[in-house]
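Visitor: With my numbering as the guide, the letters of the sequence shown map in order to residues 535 to 625. Glycine is no exception: its CB is placed at the ideal position from the N, C-alpha and C atoms.
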Amino acid sequence: MASSDWDGKISNFKVSEQAFPELYQELSQMHHKERCDRLRCLAMLGMYALRGGAMTTVQHFSPPLEEQVEEKNNKLDKARNGLKGKLLQSV
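1. Judging by CA-CA distance, which residue of SER545, GLY542, SER562 is the nearest neighbour of GLU551?
2. Quick one: give me the first and last residue of the alpha helix (DSSP H) that HIS566 is part of.
3. When you compare the CB positions of ARG572 and GLU556, do they come within less than 9 angstroms of one another, or not?
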């Protein structure tokens, strides 16, 4: 499977008690959902440390807030006009 097809899941992940006793001890005391969150946090801290403290962000495209608000207002106006038209036709 190519890296672009990865769904973000890791199956059968095992932390060895002998190889990583501190990590194993900490994670063994947590609920499984807390364990996942803790591992994500530790992974991010590790990546941060590897980059020498430089934080990088992934750029996601999202329209500016004004455009989003205007688009929602247009949809609401369209729906309101449609309902108004239906009400007037039923009278």
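Guide: Short version:
1. Ranked by how close their Cα comes to the Cα of GLU551, the residues SER545, GLY542, SER562 have SER562 in first place.
2. If you look at HIS566, you'll find it in the alpha helix (DSSP H) that goes 566 to 584.
3. Taking 9 angstroms as the Cβ cut-off, ARG572 and GLU556 do not qualify as a contacting pair.
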